[in-house]
Every structure is written in structure tokens, then in C-alpha cells.
Amino acid sequence: MIAIQYVLAIFVLWVITVFLQFIFKRPGKKPAGYCPPPSPPTLPLIGHLHLLTPVAYKGFHALNNKYGPLLYLRLATYPAVLVSSAPLATEIFKELDVHFTSRIKSPFEDNLLFGSSTSFFNAPYGDYWKFMKKICTKELLGTSQMKKLKNVRREEVVRFLSKMLEIGQKNEVANVSAEVLTLANNSTCRMIMSARCSGEDNQAEKCRGLVSESFDLAAKLALFSVFGPLKRIGVWYLRKKIADVPKRYDELFENVLVEHEEKAKREGPHMENKDLMDILLEVYHDKNAEIRITRKQMKTFFLDLFTGGTNTTSDAILWILAELVNHPAAFKKLREEIDSAVGTERLVDEEDIPNLPYFQACVKEALRLNPPVPLFDRICGENCKLGGYDIPKGITMIMNAYSIMRDPKIFENPNDFIPERFLTEQDNAKGQNLQVYVPFGGGRRMCPGTNMTSSLINCSVTAMVQCFDWKVLGGDGPDGSKVNMDSKSGVVKSMDKPFVAIPVLRSNLFSA
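Counting from 218, one number per residue, gives the positions in the sequence shown under our numbering.
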């Protein structure tokens with residue numbers, strides 16, 4: 218009963234505040250010739266909220282199919298422009314990227330540790346963001362550093378394969394979703410701070426729990442922010458959590474940072490086996506650095522990596538494996554490619570990936586159909602024109618990667634899994650379609666952790682195909698052998714039902 222009263226009170230307050238805004242805050246006069254994007258029919262107060270669906274990217278995709286690829290939307294008090302086509306994405310990334318270099322400000326940035334004031338991933342385009350981007354590219358998340366951490370990922374993949382072997386030998390069903398998430402968590406934790414989430418030291422496990430709490434808190438505050446003035450009510454209602462979660466996270470990572478600093482003092486400047494935290498601490502202590510980063514910025518950076526390096530990576534791996542299991546011909550063709558390039562006497566290695574073009578095509582095609590983060594945002598920095606329409610400075614642009622990468626003007630049979638489309642030069646994602654292949658965003662604000670995610674995808678999926686068959690029971694299809702491909706409600710693309718299967722050993726190339 219209390220919950221119902223609370224919801225009703227919030228609704229009444231929202232109606233009153235939006236009504237007052239409607240009365241007193243009239244829109245400014247538009248200049249002559251101003252041509253905004255088309256807009257679907259609206260309802261009073263809520264704008265276009267009634268057109269959305271629980272699976273956000275699919276709701277936006279339906280709007281694209283019905284009203285067009287460029288739309289002006291008003292989500293309660295929140296104005297936005299929705300972009301859903303490949304040609305528009307190409308125009309943005311090739312010609313207008315300079316106007317869309319910043320992301321939206323978090324609705325809770327003034328209240329939480331991990332707001333855009335300290336976050337690199339959400340920082341406005343400026344000196345700090347440019348400096349951290351350079352550090353990420355050259356030192357933290359670049360190809361060279363990822364190669365140095367190759368053994369970490371391989372060890373975690375072998376642990377995963379060993380767990381699958383143990384389950385398969387008992388002819389039991391494995392919760393592949395849960396085990397892949399553990400794989401991603403442990404790999405990310407070890408690359409960042411040399412600790413496994415399931416190890417004896419529970420620091421990484423605590424961080425994993427705090428990340429989960431942060432997601433929950435952020436979602437609640439984001440909901441309040443959509444309704445404008447109610448943001449302050451949300452901050453007040455959640456004030457205890459807002460104070461508690463950042464405090465615990467700050468204390469946890471301060472301890473981890475101190476431990477790494479003490480290790481650096483003991484081992485000296487020639488310390489080996491550096492993790493990402495060791496490298497960023499060197500930047501932090503560098504008195505000659507272009508920008509002196511703060512400890513708070515370091516902690517927020519690692520939170521960004523945890524959130525982006527765990528769920529997003531595990532979702533990507535699961536979607537790729539699911540597409541392969543659901544398309545046996547592609548699975549067989551990929552396994553034959555691995556056997557041909559690697560042989561049958563050793564486990565596939567990350568260094569084999571350049572010799573596996575069909576695998577690369579399978580990954581691209583699976584992520585084209587299933588981008589883990591299908592929606593990404595940008596802020597328009599200057600008045601500009603897009604697709605012939607006027608886009609005002611300050612408005613939020615929402616790009617629907619799900620729609621962009623299913624554009625029938627670019628991809629023939631866009632809803633079908635056809636890896637071969639990425640094997641020809643004209644359709645290669647590194648060729649002319651670079652601007653429309655955006656599973657991890659695009660342009661200057663493309664996800665900086667893409668290398669880290671791709672590295673784990675490469676070594677894990679190839680090993681899963683090389684070593685096991687995956688027997689799905691009670692799934693989709695006439696015989697129940699297909700993985701269910703439905704998505705959870707929300708803004709990310711995660712499986713609605715767990716991926717469960719019996720792992721049937723084909724080749725044990727991973728046991729000592």
C-alpha cells in the first residue's frame with residue numbers, strides 16, 4: 218500500500234510540475250526557414266513516451282519503420298533526435314562528428330562518485346577527455362598492452378573450458394550465460410587489478426557487487442530525470458543509497474590503489490607483469506604529465522572499465538555463440554577453418570585470429586544483428602543540418618545501432634545471419650561500410666574499451682567452437698535445439714532467458 222501511495226504521489230507531482238512548465242516556459246521563436254525533423258503524434262504532458270516499448274531499441278526501430286529514420290521526440294520533458302539509418306550515420310561520422318563529440322550529462326553527476334565530472338567515458342569533449350583518450354590508445358587499452366595481458370585471458374578461458382568439461386562429463390546442463398559472465402568478470406578484474414572475482418581475495422567480488430548496485434541506482438535516477446523537476450525528488454528519496462554506494466566504492470578502490478603503490482615501491486621502476494592499474498598509477502605520479510589526473514578520476518575510470526568490460530563483453534560472447542549454434546552450417550564451417558589454420562593438436566590462440574577470416578566475419582555478423590549496446594547518445598555542440606533538417610545546439614541525439622546495422626539499403630536480407638557478407642572487399646567492415654558497422658559506437662566517441670572486449674571475444678569464442686559441441690534442450694525451434702534469441706527489457710541487448718546447453722567435448726586441448 219505504501220508503494221502505491223508513493224507512486225501516486227510522484228505521478229501527481231509530475232503532472233503538476235510539467236503543467237507549470239507548459240504554462241510558463243514557452244518555446245522560443247524559431248528563425249525563418251527553420252526545418253526541424255519530422256515528429257510522430259504526441260500526447261499532452263508525456264510527449265512520445267507512449268510510443269516506447271519495454272525493449273527500448275525495438276521500440277525505436279518500430280518508430281523508424283513507421284515514421285522514418287530521423288525523428289524529433291519529446292520524452293516527457295526530455296527532447297531528443299532519433300537517428301536510425303545507415304546513410305545518416307555515415308553523414309554524422311564523416312561530416313558532422315565534430316558537432317557530436319560529447320555525451321549527455323549523467324542525471325546524477327552532481328550526486329555520485331561516477332558522474333561525468335570525473336568519468337572519462339562520459340566526460341565532455343575537452344583537454345581531459347583528449348588526454349585520457351591518448352593514454353588509453355597508447356598505453357592502457359592499446360594493442361600492445363592487450364598482447365601483454367594475453368596469458369591472463371587465456372588462463373581464464375582454460376578455466377571456463379575446464380568447467381564446461383566437468384559439467385559435460387556428468388551429462389548435466391550448463392548455465393552458459395552465468396559461466397560466460399564469470400569468465401568476463403574474472404578476465405576484466407585480472408587485467409585491471411590482478412585479482413579474480415572468484416578468488417580468495419574478495420576485493421574484485423566486492424567491486425562486482427558495487428557495479429551491480431550502481432547500475433540499479435543509476436536506472437532509478439535516470440527514470441526520475443526523464444520527468445524533469447522530479448529529479449530533485451529522486452535524489453532526496455534515494456539520498457541514503459547515493460551517499461552509501463560511492464563511499465564504499467571509494468574506500469574499496471583506495472585500498473586497492475594503496476596496495477598497488479606499495480607493490481610499485483617494492484619492485485621499483487622495472488616491475489614486471491603490470492596490470493592496468495599499475496600503468497595508470499604511473500601516469501598519476503608523473504609530475505610532467507600534460508594533465509595531472511586525480512585519484513577520484515582514476516577510481517571512476519576503473520568503474521567505467523568494470524561496467525563496460527563485464528556485462529557488455531559477456532553479452533557479446535553469448536550472442537555470437539548463440540548465432541553459431543543456431544546456424545549449424547556456419548558453426549561447421551568455422552570449426553573447419555580453425556582446424557585448417559591451427560591443426561588439431563593445440564588450443565587456438567589469439568595470434569591465430571588474422572588467419573581466421575571466416576571467424577572474423579562471424580563475429581561482425583553476429584554483432585551487427587546483436588549489438589550489446591544498441592543505443593548510444595551524443596550532444597549536438599553546434600546548430601547544424603542532418604539529412605536536410607535543422608538540429609539545434611544542445612539537443613540529445615540517440616543513435617539506434619540496431620536499426621542502422623539492419624538498414625536494407627546497405628545490408629541485403631538484413632535480418633538474416635550471413636557472415637559471408639563480410640568476406641567480400643566491398644562489404645568488409647574495414648572498407649566502405651566502416652561508418653555503419655557500429656556495435657561499439659562510432660566516431661571520436663567510439664568505446665575506448667573495444668580492444669579489450671574484442672581480445673576476450675577472439676580467444677573465448679574460437680576455443681568454444683574448437684573444443685565443444687553445444688547441445689541445447691528445451692529451446693526454440695521444432696525440436697527445441699535453438700537458443701532463444703529474445704532480449705530483456707531495457708536499453709541494452711541482453712538475453713531474456715539464460716543460454717543453457719550440455720557441453721559435449723569434441724577435443725580436449727586445454728587440460729595440462
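Backbone N, C-alpha and C fix where the C-beta goes; we use that ideal spot for every residue, glycine too.
No experiment lies behind these values; they were computed from the predicted model shown.
Span separating the alpha-carbon of residue i from that of residue j
i: S724; j: V565; result: 11 Å
i: T318; j: I510; result: 21 Å
i: G359; j: N668; result: 7 Å
i: G648; j: Y501; result: Low confidence applies here, because G648 scores a pLDDT of 44, under 50, leaving its location unreliable; read the following figure in that light. Going by the C-alpha atoms only, they are around 38 Å apart.
i: F377; j: Q683; result: 14 Å
i: A718; j: D461; result: 39 Å
i: S711; j: I627; result: 25 Å
i: E507; j: S394; result: 42 Å
i: V709; j: D532; result: 9 Å
i: L640; j: N543; result: 20 Å
i: K457; j: K516; result: 21 Å
i: P715; j: N368; result: 29 Å
i: L280; j: R623; result: 14 Å
i: F523; j: L673; result: 14 Å
i: V224; j: D633; result: Interpretation of V224 is limited by its pLDDT of 49, a score under 50 that renders its predicted location unreliable; the figure taken from the coordinates is listed afterwards. Rounded to whole angstroms, V224 to D633 spans 43 Å at the Cα level.
i: P261; j: L269; result: 15 Å
i: D693; j: K549; result: 20 Å
i: G343; j: P656; result: 25 Å
i: N490; j: K347; result: 27 Å
i: G605; j: C252; result: 8 Å
i: R365; j: P255; result: Residue identity check: residue 365 is Lys in the sequence provided, not Arg. Approximately 50 Å between the Cα atoms of the pair.
i: Q362; j: K350; result: 15 Å
i: E567; j: P665; result: 20 Å
i: Y284; j: N701; result: 30 Å
i: L434; j: G707; result: 14 Å
i: K423; j: L474; result: 15 Å
i: A391; j: K699; result: 15 Å
i: R781; j: R370; result: This structure cannot settle anything about residue 781, because the visible part of the chain is limited to 218 through 729.
i: D713; j: D703; result: 5 Å
i: R563; j: Y654; result: 33 Å
i: E389; j: E383; result: 9 Å
i: L305; j: P486; result: 49 Å
i: L551; j: P545; result: 10 Å
For residue i, the nearest candidate out of the options (CA to CA)
i: E478; options: K464, A293, E499 and I459; result: E499
i: N282; options: R456, L299 and F518; result: L299
i: V580; options: M712, R638, C601 and M614; result: R638
i: A259; options: C252, D633, L288 and V272; result: According to the sequence provided, residue 259 is Thr. The question's Ala does not apply to it. For the residues C252, D633, L288 and V272, the minimum Cα distance to T259 belongs to L288.
i: I555; options: P545, A547, E568 and L573; result: L573
i: L427; options: R465, A558 and I384; result: R465
i: S429; options: N388, Y345, R623 and D521; result: D521
i: N472; options: L366, E312 and K513; result: K513
i: F470; options: D607, E567, F518 and V390; result: F518
i: V272; options: K705, G604 and A558; result: K705
i: L560; options: K549, N490 and L726; result: Inspection of the sequence shows that residue 560 is occupied by Gly rather than by Leu. Out of K549, N490 and L726, L726 has the C-alpha closest to the C-alpha of G560.
i: E372; options: L497, R407 and G250; result: R407
i: K602; options: P286, H316 and N617; result: H316
i: Y575; options: I459, L584 and A547; result: A547
7 Å Cβ shell around residue i - same chain, five flanking residues per side excluded
i: Y619; result: Y274, H278, P588 and P591
i: D594; result: R320, I321, T613, M614 and I615
i: M218; result: Caution applies to M218, whose pLDDT of 41 falls short of 50 and renders its modelled position unreliable; the model cannot decide the point.
i: G658; result: F593 and C664
Cβ shell of residue i (< 6 Å), same chain only, five flanking positions each side left out
i: S411; result: D492
i: S733; result: Outside the shown range of the chain (218 to 729) lies residue 733, about which nothing can therefore be said.
i: T405; result: G526 and T527
i: G660; result: F310 and D314
i: T670; result: T530
8 Å Cβ shell around residue i - same chain, five flanking residues per side excluded
i: M488; result: K480, A481 and D495
i: G697; result: V689, L690 and G691
i: N600; result: D607, I608, P609 and K610
i: Q386; result: L722
i: E468; result: none
i: P571; result: none
i: F685; result: L378, M381, G385, P720, V721, L722 and R723
i: N630; result: none
i: Q577; result: I570 and F639
i: S302; result: N281, P286, L287, S620, I621, D624 and K626
So within the stretch 570-598, which uninterrupted alpha helix (DSSP H) runs reach at least 4 residues, ignoring any that extend past its ends? 574-586
Specify whether the stretch 384-402 and the stretch 520-529 touch according to this definition: at least 3 beta carbon pairs, one from each stretch, less than 8 Å apart. yes
Count the C-beta pairs between the stretch 288-295 and the stretch 258-267 that are closer than 8 Å, then say yes if the count reaches three, no if not. yes
Does the stretch 676-693 come within contact of the stretch 537-549, defined as at least 3 CB pairs closer than 8 Å? yes
Residue ranges of each beta strand (DSSP E) run of no fewer than 3 residues wholly in the stretch 600-670, ordered along the chain? 601-603, 606-608 and 613-617
Mind pulling the alpha helix (DSSP H) runs of 4 or more residues that sit fully within the stretch 440-527? 447-454, 456-484, 493-502 and 512-526
Taking only runs that begin and end inside the stretch 242-301, name each unbroken alpha helix (DSSP H) of 4 or more residues, in chain order. 273-284
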